[in-house]
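Engineer:
Residue numbers (our numbering): 49 to 406.
1. Taking C-beta to C-beta, are residue 213 and residue 326 nearer than 7 Å?
2. Pull the bridge partners of residue 357 from the DSSP assignment, please.
3. If you follow the beta strand (DSSP E) that residue 279 is in, where does it begin and where does it stop?
4. Tell me which residue opens and which closes the beta strand (DSSP E) that residue 141 is part of.
5. Over what stretch of residues does the beta strand (DSSP E) that includes residue 382 continue unbroken?
6. Residue 15 and residue 386: beta carbons closer than 7 Å?
7. Is the distance from the Cβ of residue 139 to the Cβ of residue 210 below 7 Å?
8. Does the segment 347 to 363 touch the segment 242 to 252, meaning 3 or more C-beta pairs lie closer than 8 Å?
9. In terms of residue numbering, what span does the beta strand (DSSP E) encompassing residue 244 cover?
10. Which residues does DSSP pair with residue 323 in a beta bridge?
11. Here's the rule I'm using: 16 or more other beta-carbon atoms within 10 Å means buried, otherwise exposed. How should residue 316 be labelled?
12. Buried or exposed for residue 240, please, with buried defined as at least 16 other CB atoms from any protein chain shown within 10 angstroms of its CB.
13. With DSSP as the reference, label residue 363 as helix, strand or coil.
14. Count the other CB atoms within 10 Å of the CB of residue 168; is the residue buried (16 or more) or exposed (fewer)?
15. Mapping the DSSP letters down to three states, classify residue 268 as helix, strand or coil.
16. At the level of alpha carbons, what is the spacing between residue 191 and residue 221?
17. Compute the beta-carbon to beta-carbon distance between residue 206 and residue 161, rounded to the nearest angstrom, for a pair I have assumed lies under 8 Å.
18. Please classify residue 402 as buried or exposed, where buried requires at least 16 other C-beta atoms within 10 Å of its C-beta.
19. CB-CB under 6 Å to residue 308, same chain, minus the five flanking residues each way: which ones, in chain order?
20. By Cβ distance below 6 Å, which residues in the same chain neighbour residue 279 in space, the five residues on each side in sequence not counted?
21. Just reading off the beta strand (DSSP E) that residue 207 is part of, what are its end residues?
22. In the DSSP assignment, find the unbroken beta strand (DSSP E) run with residue 153 in it and report its ends.
23. To the nearest whole angstrom, what separates the beta carbons of residue 227 and residue 375, a pair I think is in contact under 8 Å?
24. If you run the structure through DSSP and keep just helix, strand and coil, what is residue 229?
25. In angstroms with no decimal places, state the Cα-to-Cα distance between residue 58 and residue 147.
26. Residue 117 lies in the alpha helix (DSSP H); which residues open and close that run?
27. Is the beta carbon of residue 185 less than 7 Å from the beta carbon of residue 119?
28. What three-state label does DSSP hand residue 127 in the structure shown?
29. CA-CA distance, residue 314 and residue 109?
30. Between residue 282 and the rest of its own chain, which residues show a CB-CB distance below 8 Å, the 5 nearest in sequence each way excluded?
31. For residue 346, name the three-state secondary structure that DSSP assigns.
32. Could you have a look at residue 86 and say whether DSSP puts it in helix, strand or coil?
33. Near residue 262, what residues of its chain come up, given a Cβ to Cβ distance below 6 Å and the 5 sequence neighbours on each side ignored?
34. Assuming the contact rule is C-beta atoms closer than 8 Å, residue 80 and residue 179 should be a hit. Round their C-beta distance to whole Å, please.
35. Counting C-beta neighbours from all protein chains within 10 Å, is the total for residue 77 16 or more, i.e. buried, or is it exposed?
36. If we count Cβ pairs, one from each stretch, closer than 8 Å, do we get three or more for the segment 122 to 130 versus the segment 331 to 341?
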C-alpha cells in the first residue's frame, strides 16, 4: 500500500511506451530481414548499427550515393483502409529509384517507423512490405528504428521514412556529359500513382463521395483502395541490367513530386530541353478519372502526378533500339516520348506537344 500523500510509482508502460511490444515486433520481423541478405550484408538486426562490406559486394573503387524519402500522405489512405502490407514497397521504391537514376546499385536500406501506440502485427505487416521492396531492389535491410511516441501521433497514425545507400564504380555515375540535341527520350510505364500527389487524391476522393471500399468508377473487379494503393514500381534491376549490357543510357529521371517539369530538367544540361509528345503518354483510367472528378487541368496533372510514366531514359538515337530491347526483355513497358532540343536562354526544360489523353 502506498504511503499517505504519495502516488504509486509509474512505469514506462504507464506512460504509453510498451518495450515488450517492441521486442515482440523485432522477433516477428527477423525472418523478413534475413530474406533480404546479399553479398556484403550478412549480419542480424539488433546491433547499434548495420554493417556492410563493399569489398565483399564486388566493388573496387566505389563512389557512395545516398538517398532518403518517405511515403507521404499515401499513409493516410493506408491507415483509413487498413492496407499496410505495401506501403513498405513504396518507401523502398522512392529511395532506390533515386539511386539508380545516378547509375548506382542500391546496397542497403534502413527504415524509421514512428507511431503513437505500437501494434506489433501492424508493424510487422509494414516491415514485410519493406523487405519485399528490398528484395525487388536487390538491397539488404540492415537496420532501422521503431519509435513509440504517445502524444505525438493520433490513435492509429504512423509515419515512415527510409534511407538507402548505393554505390557505383568511379567514373560510371549518371547523367553523362555527352547529351546532345536529337537524343531520344524514352518513358517507362508506372504501376499507378506511385507515392506522389496523395493530398490532392484524397481531396478528389472526398469530393466524389465514394468510399475507398467502393468499386472503381472505371474498369471492373477492383476497389478504389486497390487502385490508389498499388505500390510504386521499382526500376532498379531492369535499369542496372540495361546500363551494364548496353552502356548506352546517358541519363535517367525518376518522376516523383513535381512531375515532368520539375524532375526531367534535373538531369539535363542547361542548354537542352526535353520535347515530350503528350499523345504518346500511357494515361490510365485512374489518372483520367482523377482529372475529370477533380477538374484538374492537364498542366497541373503533369506537375503533380506521373500520368503513366514513372521513369525517363535519355539515349542516343542510334542506341535507342538496343536500349528498348534490353528494357523490354526486363519486363518494362517502354514508350518513345520525344527528343532533346536546344533550350533558349529563358526557356523551360520541358516542352510539350500534342494533347494528354485525359
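Beta carbons: idealized from backbone N, C-alpha and C, even for Gly.
Structural biologist: To lay it out plainly:
1. no
2. 237
3. Here residue 279 belongs to no beta strand (DSSP E), and DSSP marks it neither H nor E.
4. Unbroken run through residue 141 is the alpha helix (DSSP H), 135 to 148; no beta strand (DSSP E).
5. 382 to 390
6. Look at the range of the chain in this structure, 49 to 406, and you will see that residue 15 is not part of it.
7. Yes, the Cβ-Cβ distance between residue 139 and residue 210 is below 7 Å.
8. yes
9. Careful: residue 244 lies outside any beta strand (DSSP E) and carries neither H nor E.
10. 387 and 399
11. It is buried - the Cβ of residue 316 has at least 16 other Cβ atoms within 10 Å.
12. buried
13. strand
14. buried
15. Note: residue 268 maps to coil in three-state DSSP.
16. Each residue's Cα considered, the two are about 27 Å apart.
17. That pair is a contact at about 7 Å.
18. exposed
19. 350 and 398
20. Counting only Cβ-Cβ distances below 6 Å, and skipping sequence neighbours, we find 134, 137 and 138.
21. 206 to 217
22. Counting along the chain, the unbroken beta strand (DSSP E) around residue 153 starts and ends at 153 to 163.
23. With 8 Å as the limit, residue 227 and residue 375 do not qualify as a contact, their Cβ atoms being about 19 Å apart.
24. coil
25. 46 Å
26. First-last for residue 117: 110 to 118, but that is the beta strand (DSSP E), not the alpha helix (DSSP H).
27. no
28. helix
29. 26 Å
30. 137, 140, 141, 144, 145, 181, 184 and 185
31. helix
32. Reduced to three states, the DSSP call for residue 86 is strand.
33. 272
34. The C-beta separation of residue 80 from residue 179 comes to about 4 Å, placing the pair in contact by the 8 Å criterion.
35. buried
36. no
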